[in-house]
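Taken in order, these protein sequences are the chains called A and B.
Heads up, the final residue of the first sequence is numbered 189 in numbering that gives the first Met the number 0, and it's a clean run with no missing numbers.
Heads up, the final residue of the second sequence is numbered 181 in numbering that gives the first Met the number 0, and it's a clean run with no missing numbers.
Ideal Cβ positions, reconstructed from N, Cα and C, are used throughout, including at glycine.
Please read all numbers here as calculations on a predicted model, not as lab measurements.
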Amino acid sequence: MAHIKLPEGMPGIRGAMAFRPETARPLNDLVEVLLHAPNSLTVGERELIATYVSSENDCFYCQTIHGAVAAAALNDDHSLVAQVKRDFLAAEISEKMKALLNIAGKVQKGGKHVAPRDVEMAKEQGATDTEIHDTVLIAAAFCMFNRYVDGLGTWQPRDEAPYRERGKRIAEDGYVKMSREYLPAEPATR
Amino acid sequence: MPHINLPEGLPGISSGFAFRPETAKPMRELAHILLHGPNTLTPAERELIATYVSSRNDCYFCQTSHGAAAAAHLGKDAGLVEQIKHNLETANISDKMKALLNIAGKVQKGGKQVTADDVAMARDLGATDTEIHDTVLIAAAFSMYNRYVDGLATWQPEDPAMYAAMGERLARDGYIMPSAKP
């Protein structure tokens with residue numbers, strides 16, 4: 000049972016967002032820019048970073064939904080997503096992505112864990128400053144989202160099928176559009 | 000030196016914000032609603048939660064700037080801010096605030112650390128569901144801001160006067176507009 004009285008029937012972060020639409024809006028705007036908006040990192044790559052950090056933080060809801068979005072963006076390659084969570088160094092991803100996931104893993108432990116050498120390695124593999132910035136911020140943001148979802152004790156159903164279904168729609172439509180299902184209409188002034 | 004080429008002369012998070020305005024906008028809006036918007040928790044109480052979590056995460060810029068904002072709200076009572084960071088049990092704050100800071104400290108370690116007992120204690124002392132929600136989200140959000148500021152190795156000058164002025168501005172104007180100037 001959730002720690003506070005959240006709207007029923009909405010799993011994970013959706014219940015919390017419906018409870019407090021005022022904070023839900025910037026949260027959805029942030030995740031939209033980080034994971035769905037145009038970027039030199041693909042949707043699949045950015046969702047893998049989010050999934051990896053959520054897995055390191057042991058957040059079932061976040062790693063399952065973002066793993067589903069990642070797979071949807073990566074030709075339904077669920078085994079690649081599982082491999083990145085288990086041991087990304089052994090996964091079939093670019094060396095640049097391995098260097099970025101290494102940075103994300105450091106951020107998950109704490110900002111000061113990121114060493115100049117970690118950043119150099121990513122730059123040597125072709126990562127741009129914006130890609131490094133976004134990797135740090137995706138990892139930091141999921142340290143927030145994961146704590147929000149688990150810190151409220153939200154409902155996180157175990158059947159993965161609905162996550163996969165929703166993951167496909169998120170990969171297509173993004174977060175802001177999907178949030179209109181559970182958030183009240185935007186005030187006309189905004 | 001910052002890990003990436005951030006605009007010079009801007010301290011802490013303001014350099015990350017200037018580098019990437021697209022992400023700065025929702026991050027500023029979130030901080031504004033959580034810390035400055037209408038709430039049954041006072042701005043001082045919410046800034047204390049932000050300061051406490053930033054201190055636990057050892058982020059110098061965040062704990063100093065939000066500590067200064069808290070002090071500004073509290074009539075420049077920097078002593079209370081220091082007590083919250085270093086000796087919470089004996090600090091002169093309400094028992095409800097102690098229970099909320101206990102929850103924030105759990106969230107800082109990890110979401111699953113928050114127990115039903117932690118929440119029941121806060122509720123027994125009069126905390127509402129929205130206050131508990133906002134405490135969890137402030138603590139979670141500062142687990143992001145702190146990692147962002149330190150994960151980019153931003154410039155974090157140690158100039159008490161700069162932070163005091165920043166705290167006054169943040170307490171007065173909030174977070175939507177750029178307010179951290181060197």
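Rounded to whole angstroms, what's the CA-CA distance from glycine 125 of chain A to glycine 104 of chain A? Just pull it up for me.
Here the alpha carbon of glycine 125 of chain A sits roughly 19 Å from the alpha carbon of glycine 104 of chain A.
Tell me the start and end of each unbroken alpha helix (DSSP H) in the region 57 to 108 of chain A that is at least 4 residues and wholly inside, in chain order.
The region 57 to 108 of chain A contains these whole alpha helix (DSSP H) runs: 59 to 72, 77 to 86, 94 to 108.
Evaluate the contact criterion for the region 46 to 53 of chain B versus the region 100 to 117 of chain B: three or more CB pairs, one atom per stretch, below 8 Å.
Segments in contact, yes.
What did DSSP end up calling isoleucine 131 of chain B once you bin it into helix, strand or coil?
In the structure shown, isoleucine 131 of chain B falls within a helical segment according to DSSP collapsed to helix, strand and coil.
Contacts around glycine 66 of chain A, its chain only, beta-carbon distance under 6 Å, and the 5 residues preceding and following it disregarded:
Beyond the five residues adjoining it in sequence on each side, glycine 66 of chain A comes within less than 6 Å, by CB distance, of Thr50, Val80 in the same chain, given in chain order.
Between the Cα of leucine 73 of chain B and the Cα atoms of B/Asp57, B/Asn86, B/Asn56, B/Asn91, which residue gives the shortest distance?
Ranking B/Asp57, B/Asn86, B/Asn56, B/Asn91 by Cα distance to leucine 73 of chain B puts B/Asn91 first.
Among the candidates A/Asn145, A/Ala121, A/Phe144, whose CA atom is the shortest distance from the CA of threonine 134 of chain A?
Residue A/Ala121 holds the alpha-carbon nearest to the alpha-carbon of threonine 134 of chain A among A/Asn145, A/Ala121, A/Phe144.
Chain B partners of methionine 143 of chain A, CB-CB under 7 Å?
Contact of methionine 143 of chain A with chain B by beta-carbon distance below 7 Å involves Ala139, Ala140, Ser142, Met143.
Is glutamate 88 of chain B helix, strand or coil when you go by DSSP?
Reduced to three states, the DSSP call for glutamate 88 of chain B is helix.
Anyone know if the C-beta pair for valine 32 of chain A and proline 25 of chain B falls short of 9 Å?
It is a contact, given that the beta carbons lie within the stated cut-off.
Rank B/Leu34, B/Asp149, B/Gly109 by C-alpha distance to the C-alpha of isoleucine 12 of chain B and give the top, closest one.
For the residues B/Leu34, B/Asp149, B/Gly109, the minimum Cα distance to isoleucine 12 of chain B belongs to B/Asp149.
Helix, strand or coil for methionine 143 of chain A per DSSP?
In the structure shown, the three-state DSSP call for methionine 143 of chain A is helix.
Residues of chain A with CB under 9 Å from asparagine 4 of chain B, in chain order?
Within 9 Å Cβ-Cβ: Asp128.
Lysine 4 of chain A, DSSP secondary structure in three states:
In the three-state reduction of the DSSP assignment, lysine 4 of chain A falls in the coil class.
Can you find at least 3 beta carbon pairs, one from the region 51 to 66 of chain A and one from the region 103 to 118 of chain A, that sit closer than 8 Å?
In short, these stretches touch, since the Cβ pair count reaches three.
Looking only at its chain, what residues have a beta carbon closer than 8 Å to the beta carbon of threonine 39 of chain B, apart from the 5 residues adjacent to it on each side?
Within the same chain, Thr127, Thr129, Glu130 come within 8 Å of threonine 39 of chain B by CB-CB distance, once the 5 residues on both sides are set aside.
Close beta carbons around leucine 9 of chain B, own chain, < 6 Å, minus the five adjacent residues each side
Excluding sequence neighbours, leucine 9 of chain B sits near Ala17.
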